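These notes concern the structure reproduced below.
Numbering (the working numbering), first residue to last: 18 to 183.
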């Protein structure tokens, strides 16, 4: 696909804003999540978004290191459309329950195989301890759950668009 077509597609996906149709306004994507979701929409349009596709990276925000992980959620089953399908096709009980629980609900009108959003996890990585060497960018400490260095070894971050050639 030529670059100009990719740029046009990205702009179109951004303007469509499917992933901004949230059920709970508190779950609207932040700028980082929106950027990754826009990339996911572009992959989807190119038929390169796979069930195993995920995004992970270590970022610095306000001087602190965080692990950011996102996994796209695609409307993969007709069962998903029970709550996320066309508003006209939702059952009356479903409509009433959604209205009661989520009065600002926008997360309907999806079709099968559309990108719905993502699971987003943000974990604060502790500051390195005296004597620890920082892992290079694009890698994680081997025991990243506790965010401390293990014998000076770093494990490459295997999750940067894992499962697809980005």
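Yeah, the Cβ is synthetic: ideal placement off N, Cα and C, and Gly gets one too. It should be emphasised that the depicted structure is a prediction, and the values quoted were computed from it without experimental measurement.
Asked                                                                                                         : Found
For residue 131, three-class secondary structure by DSSP                                                      : coil
Sequence ranges, beta strand (DSSP E) only - wholly within the region 31 to 82, length at least 3             : 72 to 78
Beta-carbon spacing of residue 124, residue 64 below 7 Å                                                      : no
Bridge-paired residues (DSSP) for residue 91                                                                  : 132
The region 109 to 120 / the region 50 to 57 touching (three or more Cβ pairs under 8 Å)                       : no
Selected residue, minimal CA-CA separation from residue 128, among 101, 116, 77, 37                           : 101
Of the residues 74, 126, 38, 44, the one placed nearest residue 105, counting alpha carbons only              : 126
Limits of the alpha helix (DSSP H) - the one that residue 120 falls within                                    : From DSSP, residue 120 is part of no alpha helix (DSSP H); its letter is neither H nor E.
Residue 11 burial status per 10 Å Cβ neighbour count (16 or more: buried)                                     : Not covered by the structure: residue 11. The range shown for the chain is 18 to 183.
Residue(s) in a DSSP beta bridge with residue 84                                                              : 75, 140
8 Å contact criterion, which residue 71 and residue 88 should meet: CB distance rounded                       : 5 Å
Contact set for residue 38: own chain, Cβ-Cβ below 6 Å, skip 5 residues either direction                      : 123, 124
Continuous alpha helix (DSSP H) stretch holding residue 98: start and end                                     : 98 to 101
Cα-Cα separation between residue 143 and residue 90, rounded to whole angstroms                               : 29 Å
DSSP-derived helix/strand/coil call for residue 110                                                           : helix
Buried versus exposed, by CB contacts within 10 Å (16 or more), residue 79                                    : exposed
Classification of residue 99 by the beta-carbon crowding that lies within 10 angstroms, buried from 16 upward : exposed
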